[in-house]
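Engineer: First, the structure itself, so that you have it in front of you.
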Amino acid sequence: MSSCCGPVHGMQCIVPPHMVESMKTRGDETVRKMAEEMEVAAETYRGDRVIASPARAFMAAPTLSDAAEAAPKREVYDGGRGARLPGTLLRSEGEDPVDDEAANAAYEGAGIVFELYSRQYRRDSLDGQGMSLVSTVHHRRGYNNAYWNGHQMAYGDGDGVLFAKMTELSVIGHELSHGVVQHSGGLIYRDQSGALNESFADVFGSLTLQYHKKEKAAEASWLVGEGILGPEIAGDALRSMKAPGEAYNDAMLGVDPQPYHMDLYVSTTSDNGGVHINSGIPNHAFYLLAQYLGGFAWERAGQIWYDTMQAIDNPHATFVDWADTTVRMATKRYRSGSRVAKMTRRAWKLVGISV
Amino acid sequence: MEIRLDITGGMGIRLSGTLPQEAISESLSRAVEQAVDDGSLARCESAPANPQMADAQHYEISVRLDRPGARAETFSFDDSQASGPVLDLIDQLTAALRTWLLKSRS
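Here is the structure:
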C-alpha cells in the first residue's frame, strides 16, 4: 500500500473526511499513521489535495472448524493505580488465581467471553486469529470507568461511592466485544454507527452474563453493569436493554437518558453524538427479538447479531442499515418467511424502524 | 480559583459540576495552575485521539485562575489524548468534585 500526499501526475484527488476516519478506524498501524498525516497535511496545506489508498479491505473473521477447539491466551496486569499500560504482570494463562479479586475477575471474565465467541460463533478470540486477551486492573486512581483502547482492556477500581467495581461480567463482555467490532471491519465511534458499536458491546456483554448463568431470555435481567453503581447512587445498572431510560435516576448522575424508540432519538454532540444514549434503540430491538424467540438469547438472536457484524462491511452503518442486515441474516440462516425472520422485522418495527 | 468539570462518554455516565475555591485544596489548586501555565492541558487538546478506543471518558475543564482580570479558559480532550500527569490531575479533580457534590447534596 503506498502513501501519497499532494499532487501525483498532475492529478488531484481528495479523500473525504469520512474515508480518512474509516482509515483510522479500520486500518493497520501504517494506514492509521497515513490517515493522521493526511489530516495534518489537509490542515497545513489548505487547498492542496491528497490521495491515498483506501482503507484495508473488509474481511470477516475466519470461522473455527467444527472439530477445532480454541484456547484463550489471557494476561492480566496490575496498573498500580497509574495511567501507564499495561503495568506489571499478575496472572497469565493457566496460572492459579492470585491474591487480587479484580485480577481474578478480569481473568475469569475474559475466559467466559472467549468461550461464548468460540463455542457459539466459532470465533477464535477477538480477531478470529487467537489474539491474546490483555487486561489491566487497578487502572488510575478511583477511575470510574473501563475501556477498550484498540489493543487491550483497562478497568478502574471505581471510587467506592459512585461506582463499586468495574470487573463485572457484562462490563467485561462489553469491553471485549468492542474488540470484536474493531476486528470485524469496525463501526465509526460517532452518531448512529457509534451507537451500533456500543449496542453490539451491550448485547454481547449481556449475553456473556446470560451464557455464564445459563439463563433463558425470559429469566435474564437484561441489565448492563448490574451492581457496579455505588451505594450512594439510586439505580440498578448502567443500562437496561429491557427498559432503556430506567436503569438509574439519581440526583448526582441524573436520569438514564436512553430512548427505546426512534421517536425519542436524541440529537446531541455530546458523547460522540450520543453513542451511549441512542444505543438504547438497537438494544431494545435485540431484547424484543430475544423475547419473541424465547430460549437462550445467545443462540438464535445472538447468532443473527453476530452474523450481521460479520456481514455489514460499512463502518458508517446507520440503524436502518443494521436492521436491514439483521433481517437478511435471519433470512439467510433461518430461511425466508421463517418465524425468526418475521420476528426480527417485527422487533425493529416496534422501535420505530421499518425494514 | 474556580473549576468546572464535565465528564461525559466513558460507560455512558455523566458527571459534572463546579468546584468553588473552598472545595479545591491548595496543592490541587497549584497543580491546576501549573497545568494551565505550562501548557499541559492545552497540549491534550491538540494531541491525536485514538479512533479505536471505545468508552474513553471525555473531559471539558473550565478554569478561572485567581489573577486580576483572569477569564475562564476551557480545555476539551479525552482519555486517549491526555498525558499521564494530566490523567492523574483529572483523577484528583474528579475526587474533589465527587466530594463536593456529595457534600452539597447532604
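Residue numbers (our numbering), protein chains in the order written: chain R, 110 to 464; chain D, -2 to 103.
Using N, Cα and C, we set each Cβ at its ideal position, and we do this for glycine too.
Quick caveat, the model's predicted, so the values are computed rather than measured.
Where F428 of chain R and G237 of chain R are concerned, what is the direct C-alpha to C-alpha distance, given to the nearest angstrom?
Structural biologist: Translated into the one-based positions of the first sequence, residue 428 of chain R becomes position 319. Translated into the one-based positions of the first sequence, residue 237 of chain R becomes position 128. Those two C-alpha atoms are separated by around 25 Å.
Engineer: Give me the Cβ distance between Y56 of chain D and I21 of chain D, rounded to the nearest whole Å; I'm assuming they're in contact under 8 Å.
Structural biologist: Taking the second sequence and counting its residues from 1, one reaches residue 56 of chain D at position 59. Taking the second sequence and counting its residues from 1, one reaches residue 21 of chain D at position 24. Actually they do not touch by this definition, with Cβ atoms about 16 Å apart.
Engineer: If you measure between the beta carbons of L90 of chain D and L2 of chain D, is that distance less than 9 Å?
Structural biologist: Numbered from 1 along the second sequence, position 93 holds the residue referred to as residue 90 of chain D. Numbered from 1 along the second sequence, position 5 holds the residue referred to as residue 2 of chain D. Taking 9 Å as the Cβ cut-off, L90 of chain D and L2 of chain D qualify as a contacting pair.
Engineer: In its own chain, which residues sit with a C-beta less than 7 Å from the C-beta of G7 of chain D, not counting the 5 before and 5 after it?
Structural biologist: In the second sequence, counting from the first residue as 1, residue 7 of chain D sits at position 10. Excluding residues within five positions, the ones whose Cβ falls inside 7 Å are D52 and Q54.
Engineer: Closer than 9 Å, CB to CB, is H287 of chain R near chain D or not?
Structural biologist: Counted from its first residue, the first sequence places residue 287 of chain R at position 178. H287 of chain R counts as touching chain D.
Engineer: When we look at the beta-carbon of Q31 of chain D and count the other beta-carbons within 10 Å, is it buried (16 or more) or exposed?
Structural biologist: Start at 1 with the first residue of the second sequence, and residue 31 of chain D comes out as number 34. It is exposed - the Cβ of Q31 of chain D has fewer than 16 other Cβ atoms within 10 Å.
Engineer: So, is the C-beta of A179 of chain R closer than 9 Å to a C-beta in chain D?
Structural biologist: Walking along the first sequence from the start, residue 179 of chain R turns up at place 70. It does not; no Cβ of chain D falls within 9 Å.
Engineer: Report the residue from R:V312, R:V289 and R:A456 whose alpha carbon sits nearest the alpha carbon of Q419 of chain R.
Structural biologist: Mapped onto the first sequence, residue 419 of chain R falls at position 310. Comparing Cα positions, the closest option is R:V289.
Engineer: Am I right that V222 of chain R and G282 of chain R are in contact with their C-beta atoms under 8 Å? What's the rounded C-beta distance?
Structural biologist: Residue 222 of chain R sits at position 113 when you count from the first residue of the first sequence. Residue 282 of chain R sits at position 173 when you count from the first residue of the first sequence. Yes, they are in contact, since the Cβ atoms of V222 of chain R and G282 of chain R sit about 5 Å apart, within 8 Å.
Engineer: Enumerate, from N- to C-terminal direction, the unbroken alpha helix (DSSP H) stretches of 4 or more residues contained entirely within the region 372 to 435 of chain R.
Structural biologist: 379 to 383, 389 to 402 and 409 to 420
Engineer: Three Cβ pairs or more, each shorter than 8 Å: is that satisfied between the region 301 to 320 of chain R and the region 242 to 250 of chain R?
Structural biologist: no
Engineer: Report yes if the C-beta distance between D422 of chain R and G294 of chain R is below 9 Å; otherwise report no.
Structural biologist: Along the first sequence, one-based indexing puts residue 422 of chain R at 313. Along the first sequence, one-based indexing puts residue 294 of chain R at 185. Their beta carbons are under 9 Å apart, which means D422 of chain R touches G294 of chain R by this criterion.
Engineer: Taking the beta carbon of N358 of chain R as the centre, do at least 16 other beta carbons fall within 10 Å, making it buried, or is it exposed?
Structural biologist: In the first sequence, the residue the question calls residue 358 of chain R occupies position 249. By the beta-carbon neighbour count (other beta carbons within 10 angstroms, threshold 16), N358 of chain R is exposed.
Engineer: For H393 of chain R, decide whether its Cβ has a neighbour in chain D, counting only Cβ atoms nearer than 9 Å.
Structural biologist: Position 284 of the first sequence holds residue 393 of chain R. Judged by the 9 Å Cβ criterion, H393 of chain R is not in contact with chain D.
Engineer: Using the beta-carbon count (16 or more within 10 Å), is Q49 of chain D buried or exposed?
Structural biologist: The sequence position of residue 49 of chain D within the second sequence is 52, counting from 1. Buried, since its Cβ has 16 or more Cβ neighbours within 10 Å.
Engineer: Along chain R, in chain order, which residues have C-beta atoms closer than 7 Å to that of R95 of chain D?
Structural biologist: Residue 95 of chain D sits at position 98 when you count from the first residue of the second sequence. Those within 7 Å of R95 of chain D in chain R are D268, V270 and L271.
Engineer: Under 6 Å Cβ to Cβ from F272 of chain R, same chain only, skipping five residues before and after it: list those, please.
Structural biologist: Position 163 of the first sequence, counted from the start, is the residue given in the question as residue 272 of chain R. Here the set comprises N253, I337 and G339.
Engineer: P45 of chain D CB to nearest chain R CB: under 9 Å?
Structural biologist: On the second sequence, residue 45 of chain D is found 48 positions in, with the first residue counted as 1. Yes, P45 of chain D counts as interfacial toward chain R.
Engineer: What residues from the region 350 to 369 of chain R come within 7 Å of chain D, judged by C-beta to C-beta, listed N to C?
Structural biologist: A360, M361, L362 and G363
Engineer: Which runs of the beta strand (DSSP E) spanning at least 3 residues fall entirely within the region 167 to 247 of chain R, listed in chain order?
Structural biologist: Within the region 167 to 247 of chain R, the complete beta strand (DSSP E) segments of 3 residues or longer fall at 183 to 187, 197 to 201 and 242 to 246, listed in chain order.
Engineer: Quick one: residues in its chain with C-beta nearer than 8 Å to the C-beta of A343 of chain R, no 5 flanking neighbours on either side, listed in chain order?
Structural biologist: As a working mapping, residue 343 of chain R is identified with position 234 in the first sequence. The residues are Y357, N358, D359 and A360.
Engineer: What three-state label does DSSP hand N254 of chain R in the structure shown?
Structural biologist: Numbered from 1 along the first sequence, position 145 holds the residue referred to as residue 254 of chain R. Coil at N254 of chain R, not helix or strand.
Engineer: Here's the rule: buried if 16 or more other CB atoms are within 10 angstroms of the residue's CB, otherwise exposed. What is V280 of chain R?
Structural biologist: For the purposes of this step, residue 280 of chain R is taken as the residue at position 171 of the first sequence. It is buried - the Cβ of V280 of chain R has at least 16 other Cβ atoms within 10 Å.
Engineer: Look at the alpha carbon of A151 of chain R and the alpha carbon of G382 of chain R, and state the distance between them as a whole number of angstroms.
Structural biologist: Counted from its first residue, the first sequence places residue 151 of chain R at position 42. Counted from its first residue, the first sequence places residue 382 of chain R at position 273. Residue confidence is low: A151 of chain R scores 49 on pLDDT, short of 50, so the model does not pin down where it sits. No coordinate-derived value is stated.
Engineer: Using CA coordinates, which residue listed in D:S43, D:D76, D:S103 and D:L86 is at the minimum distance from R27 of chain D?
Structural biologist: The sequence position of residue 27 of chain D within the second sequence is 30, counting from 1. The shortest C-alpha separation from R27 of chain D is found at D:L86.
Engineer: Would you mind giving the Cβ-Cβ distance between P368 of chain R and P353 of chain R, rounded to the nearest angstrom? I have them listed as a contact below 8 Å.
Structural biologist: By one-based count along the first sequence, residue 368 of chain R stands at place 259. By one-based count along the first sequence, residue 353 of chain R stands at place 244. P368 of chain R to P353 of chain R, Cβ: 6 Å. Contact.
Engineer: In the structure shown, what three-state DSSP assignment does A356 of chain R receive?
Structural biologist: For this step, residue 356 of chain R is matched to residue 247 along the first sequence. Coil.
Engineer: Do G404 of chain R and L316 of chain R count as a contact pair if the criterion is CB distance below 9 Å?
Structural biologist: Within the first sequence, numbered from 1, the residue matching residue 316 of chain R stands at position 207. Within the first sequence, numbered from 1, the residue matching residue 404 of chain R stands at position 295. No, Cβ-Cβ distance for L316 of chain R and G404 of chain R is not below 9 Å.
Engineer: What are the start and end residues of the beta strand (DSSP E) that includes G54 of chain D?
Structural biologist: By one-based count along the second sequence, residue 54 of chain D stands at place 57. Before going further, note that residue 54 of chain D is Gln rather than Gly in the sequence given. First-last of the beta strand (DSSP E) with Q54 of chain D: Q54 to R61.
Engineer: With 9 Å set as the bound, which would you pick, yes or no: does the beta-carbon of R165 of chain R sit closer than that to a beta-carbon of chain D?
Structural biologist: Along the first sequence, one-based indexing puts residue 165 of chain R at 56. Its pLDDT being 42, under 50, R165 of chain R is placed unreliably by the model, and the measurement read from it follows with that caveat. Not an interface residue.
Engineer: Suppose contacts are defined by Cβ-Cβ distances below 9 Å. Is P45 of chain D in contact with E138 of chain R by that definition?
Structural biologist: Taking the second sequence and counting its residues from 1, one reaches residue 45 of chain D at position 48. Taking the first sequence and counting its residues from 1, one reaches residue 138 of chain R at position 29. Not closer than 9 Å, so no.
Engineer: Check each candidate in D:R95, D:S59 and D:T15 and name the one with the smallest Cα separation from F72 of chain D.
Structural biologist: Working through the second sequence from its first residue, we reach residue 72 of chain D at position 75. Of the candidates D:R95, D:S59 and D:T15, the one whose C-alpha sits nearest the C-alpha of F72 of chain D is D:S59.
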